[in-house]
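Listed in order, the protein sequences are those of chains S and Y.
Just so you know, we're using our numbering here: the first sequence kicks off at 381 and counts up by one.
Just so you know, we're using our numbering here: the second sequence kicks off at 381 and counts up by one.
There are 2 protein chains.
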Amino acid sequence: MKVDFWFSENQNEDVKFGVRVKSHLFSIESKYQKIDIFDTEFFGRVMILDGCFMITEKDEFMYQEMLSHPAMVSHPDPKDILIIGGGDGGVAREVLRYPVKTVDLVEIDEDVITAAKTYLPSIAASFADSRLKVYNMDAFEFVDSERSYDVILVDSTDPIGFAASLFSDVFYMKSKKILKKGGIIATQSGSPFMNPEFIKKAYRGLNGHFKTVKPYLSFVPSYPSGMWSYIMASDESIEKHRDFTGRYVNEGIYRSCFNLPEFVKKVLENQ
Amino acid sequence: MKVDFWFSENQNEDVKFGVRVKSHLFSIESKYQKIDIFDTEFFGRVMILDGCFMITEKDEFMYQEMLSHPAMVSHPDPKDILIIGGGDGGVAREVLRYPVKTVDLVEIDEDVITAAKTYLPSIAASFADSRLKVYNMDAFEFVDSERSYDVILVDSTDPIGFAASLFSDVFYMKSKKILKKGGIIATQSGSPFMNPEFIKKAYRGLNGHFKTVKPYLSFVPSYPSGMWSYIMASDESIEKHRDFTGRYVNEGIYRSCFNLPEFVKKVLENQ
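Structure, rendered in structure tokens:
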């Protein structure tokens with residue numbers, strides 16, 4: 381018999397999304413946030429940060445693939461990769477499918493990584509790869525480093541609290557400095573339906589520093605509205621250089637994900 | 381101050397979606413189903429049938445436009461249109477934007493139309509158009525008629541209860557008989573993520589009767605998973621004949637909506 385045990389996310393103060401829970405596997409107040417892992421009936425295991433869905437086993441592939449592959453297939457030769465956030469390991473897993481040389485992952489909260497390794501092994505398996513190096517520090521400081529990258533993927537929480545600086549003008553400027561020639565940065569930018577201010581802010585910021593800026597969309601059912609946005613930017617033109625088919629991405633998705641519904645185009649035009 | 385008054389849909393037995401309610405405007409047990417209208421904080425007014433979201437003022441345009449326009453822009457000269465269901469008037473509103481001659485709307489439940497006219501006037505305004513005729517009868521019987529159509533749009537509830545026959549093999553056969561040469565049928569086919577059996581059944585059924593069958597997707601945030609599917613079918617090839625830009629649809633959306641994520645392609649291949 382199923383027990384009437386639910387976790388609900390308040391997607392905003394007037395909308396909530398609930399999933400039936402089999403068991404509450406883990407809960408901790410880290411230095412930065414509250415981390416919970418539930419085993420749920422429909423979505424499998426889920427990681428919740430400060431009450432918000434970060435990852436569910438059932439639909440994580442849609443988000444991880446769409447943040448990673450459009451940039452990875454668009455770079456002529458992606459060897460050195462920087463992941464900002466991404467403490468569950470999912471984006472690293474996707475990036476490591478390519479013959480990359482180094483992947484630096486800057487996750488401020490090492491408790492997120494520990495929880496993922498323990499409870500979400502299919503996502504966190506990437507941490508065992510010798511090409512991956514983890515830095516537990518503030519990404520805003522890390523991007524002052526001397527290193528440089530072909531691709532930077534910003535897989536952070538939303539631009540509130542400690543992650544706000546990762547969507548600032550200064551952060552985009554610093555990121556550009558550590559991109560090699562022809563380098564590409566891609567960031568998640570929230571739901572244009574539930575929170576249009578987020579994508580507007582990221583789009584405006586990237587537009588101020590890069591010649592080519594391409595917003596795109598994918599479905600992510602466990603995220604607010606199911607409609608999620610990302611933005612890719614570079615100082616070169618962005619064109620596809622190779623094929624990669626995953627569980628979400630394929631040739632048709634690369635061709636179509638940049639075609640935005642009219643109301644999303646309007647959100648970006650009305651800056 | 382906002383009152384803690386919520387309506388929740390059980391999207392399945394393990395997932396629910398809740399919206400904060402300002403007021404419960406209307407409730408009736410019709411001959412066919414329970415009809416509720418709520419005024420909500422985030423989605424505006426919403427129509428609920430048997431506990432499921434049918435329409436919200438905030439995102440109805442995404443569904444109505446995507447069920448209507450891909451077929452309407454793909455027919456060489458759409459003059460006579462049949463809408464199956466569609467009692468809120470939204471699909472009729474979209475279709476009447478074209479220079480059509482007649483629109484027949486077959487809604488079994490006249491109480492749905494009355495509720496929409498009273499509480500959702502921006503959606504139901506189409507009922508005042510003299511080109512529109514309403515038939516309150518079972519669409520499965522209506523499709524035996526002598527009339528014939530350029531475009532048939534199936535805007536029904538999901539294939540359970542009295543709407544089940546609208547996704548049957550016999551219904552698709554009958555629909556084909558009343559399509560004129562070059563005619564196009566389009567149907568909604570549920571969420572491939574939450575309920576893949578629905579799109580599989582509709583796809584299999586249409587494939588059995590039509591030469592060209594094209595599934596496509598759009599976002600609809602208030603529907604389960606936010607990922608919604610539709611299928612267009614015809615005995616001719618389907619090509620775009622004109623432009624129409626709405627709040628969701630535009631040139632890029634027509635080009636891209638048929639490109640399915642890899643897991644949706646797999647759902648349709650594994651018949």
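Glycine is no exception: its CB is placed at the ideal position from the N, C-alpha and C atoms.
T625 of chain S reaches chain Y at E642, counting residues in chain order whose Cβ is nearer than 9 Å. When only Cα atoms are considered, Y634 of chain Y and L533 of chain Y end up about 17 Å apart. Nearest C-alpha to K402 of chain S among S:D439, S:T420 and S:V492: S:T420. Per the DSSP secondary-structure output, K594 of chain Y pairs in a beta bridge with Y:M612. Exclusion of the five residues before and after D549 of chain S leaves G585 as the residues of its chain whose Cβ lies within less than 6 Å of its Cβ. Annotation for V426 of chain S: the continuous beta strand (DSSP E) segment containing it runs G424 to L429. Using a Cβ-Cβ cut-off of 8 Å, F573 of chain Y is close to D439, F599 and P601 of chain S, given in chain order. DSSP assignment within the stretch 538-599 of chain S yields the following whole beta strand (DSSP E) runs of 3 residues or more, N-terminal first: 559-568 and 592-599. A distance of 8 Å or more separates the beta carbons of G626 of chain Y and P456 of chain Y. Among the residues of the stretch 388-412 of chain Y, those with a Cβ less than 8 Å away from any Cβ of chain S are S388, N392, E393, D394, V395, K396, F397, G398, V399 and R400, in the order of the chain. Contact between the stretch 502-516 of chain S and the stretch 538-554 of chain S is absent, with fewer than three C-beta pairs closer than 8 Å. Annotated three-state conformation of M442 of chain Y is helix, per DSSP. Neighbours of I565 of chain Y across chain S, judged by C-beta separation under 8 Å, do not exist; the nearest C-beta is about 23 Å away. A direct Cα-Cα distance of roughly 17 Å separates P572 of chain S from F433 of chain S. Contact with chain Y is found for F422 of chain S, since one of that chain's Cβ atoms lies less than 8 Å from the residue's Cβ. Restricted to the stretch 473-544 of chain Y, the alpha helix (DSSP H) segments that are unbroken, complete and at least 4 residues in length are 490-499, 501-504 and 519-522, listed in chain order. Annotated three-state conformation of R635 of chain S is helix, per DSSP. In the three-state reduction of the DSSP assignment, E409 of chain Y falls in the strand class. The contact set of V629 of chain Y on chain S, defined by CB atoms closer than 9 Å, consists of P641 and E642 in chain order.
In the displayed model, F643 of chain Y falls within a helix according to three-state DSSP. DSSP places M607 of chain Y within a strand segment (E or B) once states are collapsed to three. Our two residues, S609 of chain S and T436 of chain Y, have alpha carbons roughly 22 Å apart in a direct line. Look at E649 of chain S here: in three-state DSSP terms it is helix. Under the criterion of beta carbons closer than 8 Å, V483 of chain Y and V475 of chain Y qualify as touching, at roughly 6 Å. Annotation: M381 of chain S is outside any beta strand (DSSP E) and is labelled neither H nor E by DSSP. For G465 of chain S, the enclosing beta strand (DSSP E) begins and ends at D460 to G465.
By a beta-carbon distance limit of 8 Å, V629 of chain S contacts E642 of chain Y. Their separation comes to about 7 Å. At least 8 Å separates the CB of R425 of chain Y from every CB of chain S. Under the three-pair Cβ rule at 8 Å, the stretch 591-604 of chain Y counts as touching the stretch 593-613 of chain S. Straight-line spacing of the CA atoms in K396 of chain Y and N390 of chain S works out to 12 Å. V399 of chain S has S:F387 and Y:V395 as its beta-bridge partners, per DSSP. Per DSSP, D457 of chain S has no beta-bridge partner at all. Interface annotation, S605 of chain Y: in contact with chain S, CB-CB separation under 8 Å. One alpha carbon belongs to H589 of chain S, the other to M427 of chain S, and they sit about 34 Å apart. In the structure shown, H404 of chain S adopts extended strand secondary structure according to DSSP, grouped into three states. Ranking Y:S536, Y:K646 and Y:L597 by CA distance to the CA of F638 of chain Y puts Y:L597 first.
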